[in-house]
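S.K.: One structure follows; several queries about it will come next.
Residue numbers (the numbering used here): 4 to 549.
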């Protein structure tokens, strides 16, 4: 198995949902026909595009459901069951070029699905140009189910699409384990180039670092998926770690959540050789198989949706860093805390919580079909009956917000930052840990996190930087602090000493790609262990973290 620990939800845990008393919902919009996704306008706050399964996209702006359609492509698709308009992604340069991408199913002349690019109307930003359609890709579908649908751009500008296995029960054709089939895969493509000019159904390029460049389907990023209906990036721009959270709907027994670290290319997530961690009917096309970080049985539900790693502040520190997910069949909502190893980037899930009674007194939430979030990281529940609700705290005054600025000493302005920061929160004067977060330094060397109100002690540590501690007063609901982190801790023991020098000397002169190269010894992140790294270590020699 691949570095993952699967935390299986036991039946005894499910009998009585945990009473948290910390979350609630409030209405955001209603009366929308079969909404299946919602995406905030990347060029304007508080404007949301709601995807309707029948082929329309509507706009909710400043809380108001606007009349008329942003886009109507009902004539282009087949709608019903699991089919229809299923996905929406905005181009990273949408503010400039007006491009956006939709994913939908069709039935003529045969079953299939498409990714199509459209352009915003040049004279009205609340309208799309229906005549601007440009096909990016088309995929044959053997059945009407397991179409996937969620797609997002990664932070390098590449489009990533999750596809189901095609819907044949048990995936008896073996699509999800067949590297010649895009079904049961994640695809990663460049929509700005075309590496297949002779193929009208493949109008995209293949990134150089895709894991199967010589294979029959070089667009494949990972395999072994049954139906990854909803998945999301943990964006670094939101202080995330850059990985993916992927909910894969099970066949008959197990629903699963997966975490994929950034750049973890070419993994096999098991289906149909396994359902979750249980053996199934197929044989793996390649090993090792990657375990889910969390799975549950039919005792909790039968069709997983979600989820997000919560990176907002409104819900308080008790929920920061948790993966939220729901279940379409049981109408329940739960979460698990994702604990990410600061050195390896791999993760385990802990501390399952059932939020269903918090969100609805009946314990039946929904029918929830998807989650959404805004640019601040706050979450919404999308219900197939036309309602969209915002998840809110039941006591907004219970927590505060900390704005932390990071100053990395011994690192050039554009050099690599630590991929993962560990933030530990305690009450001042007490050793007991209240919260431990793993997060990224963001795109501007800063982070925003929820913290308890009052005087708190905080430590920050990441990469080869020594740990720094601070005491802040968050009694009035906000706090800010500049964390100055000193570089030079090659072996990560929070002391810069002769052991670090010996490791750096061992790797001295090696560049990335050389077996002797050490990422830890490359203190300035320039790809080579050289005299500049030695000077950084020398300037911190003898120091230790707080």
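Glycine is no exception: its CB is placed at the ideal position from the N, C-alpha and C atoms. Because the structure is a prediction, the values reported are computed rather than measured.
Can the beta-carbon of residue 445 be found less than 8 Å from the beta-carbon of residue 126?
M.R.: Their beta carbons are not under 8 Å apart, which means residue 445 does not touch residue 126 by this criterion.
S.K.: According to DSSP, is residue 3 helix, strand or coil?
M.R.: Because residue 3 is not part of the residues shown, which for the chain are 4 to 549, the question remains open.
S.K.: Can you check which of these residues, 165, 29 and 304, is closest to residue 334 by C-alpha distance?
M.R.: 304
S.K.: How about residue 62 and residue 117: do their beta carbons lie closer than 8 Å?
M.R.: One thing to note: residue 62 has its Cβ no nearer than 8 Å to the Cβ of residue 117.
S.K.: Of all the options 109, 100 and 105, which has the alpha carbon lying nearest to the alpha carbon of residue 123?
M.R.: 100
S.K.: Spatial neighbours of residue 379 within its chain, please: CB distance less than 7 Å, with the 5 preceding and 5 following residues excluded, ordered by chain position.
M.R.: 315
S.K.: For residue 319, is the classification buried or exposed, using 16 other Cβ atoms within 10 angstroms of its Cβ as the cut-off for buried?
M.R.: buried
S.K.: Once the 5 residues before and after residue 408 are set aside, which same chain residues still bring their CB inside 8 Å of it?
M.R.: Excluding residues within five positions, the ones whose Cβ falls inside 8 Å are 448, 449, 483, 484, 485 and 486.
S.K.: Return the bridge partner residues of residue 464 from the DSSP annotation.
M.R.: Looking at the DSSP output, residue 464 sits in a beta bridge with 425.
S.K.: For residue 24, collect the residues of the same chain with a Cβ closer than 8 Å to its Cβ; drop the 5 residues on either side in sequence, then sort them by chain order.
M.R.: Residue confidence for residue 24 is low, a pLDDT of 42 falling below 50, so the modelled location carries little weight; the figure read from the coordinates is stated next. 361 and 397, listed in sequence order.
S.K.: What's the C-alpha gap between residue 80 and residue 103?
M.R.: Approximately 17 Å between the Cα atoms of the pair.
S.K.: Consult DSSP for residue 19 and reduce its assignment to one of helix, strand or coil.
M.R.: Residue placement at residue 19 is poorly supported in this model, since its pLDDT is 31, which falls under 50; the coordinates still yield a value, given next. DSSP, reduced to helix, strand and coil, places residue 19 outside both helices and strands of the structure shown, so it counts as coil.
S.K.: For residue 537, which residues in the same chain have their Cβ closer than 7 Å to its Cβ, ignoring the five residues on either side in sequence?
M.R.: 507
S.K.: For residue 108, which of 393, 78, 195 and 216 has the nearest alpha-carbon?
M.R.: 78
S.K.: Go ahead and label residue 509 buried or exposed: buried means 16 or more other beta carbons lie within 10 angstroms of its beta carbon, across all protein chains shown.
M.R.: Classification for residue 509: exposed.
S.K.: Within 10 Å of its beta-carbon, does residue 422 have 16 or more other beta-carbons around it, so buried, or fewer, so exposed?
M.R.: buried
S.K.: Taking 8 Å as the threshold (C-beta atoms), are residue 252 and residue 230 in contact?
M.R.: Their beta carbons are under 8 Å apart, which means residue 230 touches residue 252 by this criterion.
S.K.: Give every residue of the same chain whose Cβ lies closer than 6 Å to the Cβ of residue 168, excluding the five residues on either side of it in the sequence, and list them in chain order.
M.R.: 149, 174, 178, 179, 186, 187 and 229
S.K.: Residue 137 by DSSP, collapsed to three states: which one?
M.R.: strand
S.K.: Going by the beta-carbon positions, is the gap between residue 236 and residue 155 smaller than 8 Å?
M.R.: yes
S.K.: What are the complete beta strand (DSSP E) segments, minimum 3 residues, inside the stretch 164 to 202?
M.R.: 188 to 192
S.K.: I need the straight-line Cα distance from residue 533 to residue 385, nearest angstrom please.
M.R.: 53 Å
S.K.: Apart from the five residues just before and just after residue 411, which ones in its own chain have a Cβ nearer than 6 Å to its Cβ?
M.R.: 488
S.K.: If you follow the beta strand (DSSP E) that residue 155 is part of, which residue opens it and which one closes it?
M.R.: 154 to 156
S.K.: Return the chain-ordered list of same chain residues with a C-beta closer than 6 Å to the C-beta of residue 498, the five sequence neighbours on each side being excluded.
M.R.: 547
S.K.: Out of 480, 301 and 429, which one is the CA nearest neighbour of residue 451?
M.R.: 480
S.K.: Could you tell me the distance, in whole angstroms, from the CA atom of residue 266 to the CA atom of residue 189?
M.R.: 13 Å
S.K.: What's the C-alpha gap between residue 86 and residue 93?
M.R.: 21 Å
S.K.: So within the stretch 348 to 398, which uninterrupted beta strand (DSSP E) runs reach at least 3 residues, ignoring any that extend past its ends?
M.R.: Runs found: 350 to 357, 371 to 376, 382 to 386 and 391 to 396.
S.K.: Pick out the complete beta strand (DSSP E) segments inside the stretch 258 to 344, 3 residues or longer, and give them in chain order.
M.R.: 297 to 300, 307 to 312, 325 to 330 and 335 to 343
S.K.: Restricting to runs no shorter than 3 residues, where is the beta strand (DSSP E) found entirely within the stretch 98 to 139?
M.R.: Listed in chain order, they are 102 to 109 and 115 to 123.
S.K.: Please list, in chain order, all residues of the same chain as residue 39 whose beta carbon is under 8 Å from its beta carbon, the five residues on each side excluded.
M.R.: 54, 55, 56, 87, 88, 89, 152, 372, 373, 385 and 387
S.K.: Quick one: measure Cβ to Cβ for residue 324 and residue 308, integer angstroms, because I've assumed they're closer than 8 Å.
M.R.: In fact, because the Cβ distance is near 20 Å, the residues do not count as touching under 8 Å.
S.K.: Are residue 191 and residue 161 close, meaning C-beta to C-beta below 8 Å?
M.R.: Yes, Cβ-Cβ distance for residue 191 and residue 161 is below 8 Å.
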